[in-house]
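J.: The structure's right below; bear with me while I get my questions together.
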């Protein structure tokens, strides 16, 4: 985002906002550049309505930052800032390339094309009732 003087807005003295990617009920998502390590990232900026909502955001960001899985965007950083003259929280994550959820839905997805990746695939599981999930004994 470029201001009147041609200066990009920077979050936390590090993340240079480049392009607004989307806006929703909680806030907005920006493509940004991490000036410290020189990589492109996604920055989600939210506007919590209460102090408790800001704390909950930080707890969830901290927990998500400890997850590692190919189907989960990597969390790099989070914190509090001021954006557009409002108190805000931010989450910095891996910038993913591809179609947006809106584009996928607009293209039309069949029920078969939208199968979760965790669907059981072993022959034992396939013999069970379709759609059922069975936990191993003792768990």
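Numbering (my numbering), first residue to last: 5 to 143.
Note that CB positions come from ideal geometry on N, CA and C, so glycine has one too.
Note that this is a predicted model, so its numbers are computed, not measured.
Does the beta-carbon distance from residue 69 to residue 51 come in below 8 Å?
T.: No.
J.: Measuring straight from C-alpha to C-alpha, what distance separates residue 26 and residue 35?
T.: Approximately 10 Å between the Cα atoms of the pair.
J.: Out of 29, 28 and 43, which has the shortest C-alpha to C-alpha gap to residue 22?
T.: If we check each option's Cα against that of residue 22, 43 comes out closest.
J.: Got a sec? Which residues, its chain only, sit under 7 Å from residue 39 by beta carbon, not counting five neighbours each side?
T.: Correct list, in chain order: 18 and 20.
J.: To which residues of the same chain is residue 48 closer than 6 Å at the C-beta, ignoring the five residues directly before and after it?
T.: So the qualifying residues of the chain are 33 and 95.
J.: Taking only three categories from DSSP, how would you classify residue 21?
T.: Reduced to three states, the DSSP call for residue 21 is strand.
J.: In terms of DSSP beta bridges, what is residue 29 paired with?
T.: BP columns for residue 29 are empty, so no partner.
J.: With 16 as the cutoff for other CB atoms within 10 Å, does residue 93 come out buried or exposed?
T.: So residue 93 ends up on the buried side.
J.: Going by DSSP in three states, residue 16 sits in which element: helix, strand or coil?
T.: If DSSP states are grouped into helix, strand and coil, residue 16 belongs with coil.
J.: Note down the Cα distance separating residue 75 from residue 67, rounded to an integer number of angstroms.
T.: C-alpha separation (whole angstroms): 16 Å.
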